[in-house]
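Q: Line by line, the protein sequences give chains F and E. Following this note's numbering, the numbering of the first sequence begins with 1212 at its first residue and continues without gaps. Following this note's numbering, the numbering of the second sequence begins with 8 at its first residue and continues without gaps.
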Amino acid sequence: GAVVSQHPSRVICKSGTSVKIECRSLDFQATTMFWYRQFPKQSLMLMATSNEGSKATYEQGVEKDKFLINHASLTLSTLTVTSAHPEDSSFYICSARNRGGGTEAFFGQGTRLTVV
Amino acid sequence: SQQGEEDPQALSIQEGENATMNCSYKTSINNLQWYRQNSGRGLVHLILIRSNEREKHSGRLRVTLDTSKKSSSLLITASRAADTASYFCAPGSSGSRLTFGEGTQLTVNP
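1) Quick check on the burial criterion: 16 or more other C-beta atoms within 10 angstroms. Buried or exposed for residue 85 of chain E?
2) Count Cβ pairs between the region 1239-1247 of chain F and the region 1256-1271 of chain F that sit closer than 8 Å; are there 3 or more?
3) Is residue 29 of chain E close to chain F? Criterion is C-beta to C-beta, closer than 9 Å.
4) What residues match up with residue 1256 of chain F in a beta bridge as DSSP calls it?
5) Should residue 104 of chain E be flagged as near chain F, meaning a C-beta pair shorter than 9 Å?
6) Excluding five sequence neighbours on each side, which residues of the same chain lie with their C-beta closer than 7 Å to the C-beta of residue 1223 of chain F?
7) Under DSSP, the beta strand (DSSP E) around residue 1229 of chain F begins and ends at which residues?
8) Would a check of beta-carbon distances place residue 1319 of chain F closer than 9 Å to chain E?
9) Tell me the DSSP secondary structure of residue 90 of chain E in three-state form.
10) To which residues does DSSP link residue 81 of chain E through a beta bridge?
11) Please return the same chain residues whose Cβ sits closer than 6 Å to the Cβ of residue 30 of chain E, not counting the five positions on each side in sequence.
12) Just curious, the beta strand (DSSP E) that residue 1283 of chain F is in, first and last residue?
13) On the DSSP bridge assignment, give the partners of residue 1322 of chain F in chain order.
14) Check distances from the C-beta atoms of the region 1280-1307 of chain F to those of chain E and list, in chain order, the residues that come in under 9 Å.
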């Protein structure tokens, strides 16, 4: 099946620094990638939808200047958490849809971000 | 897009028993998907059922869809401890954003 690789799986950073999370589709081309965050024992909250070659579409309440999304190629999207604060600590998950069509989304393994 | 509402929020059963969880949604859909999330991991796609289908099977999974009631159910037969996870439904249309409700937390006790 299709594989989405997310890196890193865990990261600890200091307040005020920026962190980049990568999401790669390994064996398919993804025109659309989704970024979610999840707090403990809560559901996934969709943050933004990124389309290859165009600007990401952010959900209401998500600061686009804080969560920078780049989808520069059909196999890579990145999420950069800028000027991270402890409240940004969360589990971030990406998913991708196959360019070849279909509704199914393939998810990365997630990134546990801890801001100290 | 719309998110489904899973019920119950939590379900605890013994190994070997069947587990049934339900999903309700509000507006018309083209399809409905079920996903599983193990603790601290990403989601895994389980099964997709289209709006013109009433029932679908995949291994120990059985999904039903009642578009008149705007509801779906996921049945896991002969459950195993490894089935312990959160289960989410995602009602939608082709190309729609995928959003999720609170999910059903299933615990299968050995």
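Where a beta carbon is used, it is the ideal one built from N, C-alpha and C, also for glycine. These numbers were taken from a predicted model, which means no experiment stands behind them.
A: By the coordinates alone:
1) Classification of residue 85 of chain E: exposed, given that the 10 Å Cβ count is below 16.
2) The region 1239-1247 of chain F, when compared against the region 1256-1271 of chain F, does touch it at the 8 Å Cβ threshold.
3) It does not: the Cβ of residue 29 of chain E has no partner Cβ on chain F nearer than 9 Å.
4) Note: residue 1256 of chain F sits in a beta bridge opposite F/1248.
5) Chain F contact via Cβ: present.
6) Excluding positions up to five away in sequence, the list reads 1325, 1327.
7) Following the DSSP letters along the chain, one finds residue 1229 of chain F in no beta strand (DSSP E), marked with neither H nor E.
8) For residue 1319 of chain F, the nearest CB of chain E lies under 9 Å from its own CB, placing it at the interface with that chain.
9) Looking at residue 90 of chain E - three-state DSSP - the assignment turns out to be helix.
10) Residue 81 of chain E is bridged to E/28, E/70.
11) Same-chain partners within the cutoff: 11, 13, 79, 96.
12) Note, residue 1283 of chain F: beta strand (DSSP E), 1278-1284.
13) For residue 1322 of chain F, which the question treats as bridged, DSSP gives the partners F/1303.
14) So the list reads 1302, 1304, 1305, 1306, given in the order they occur along the chain.
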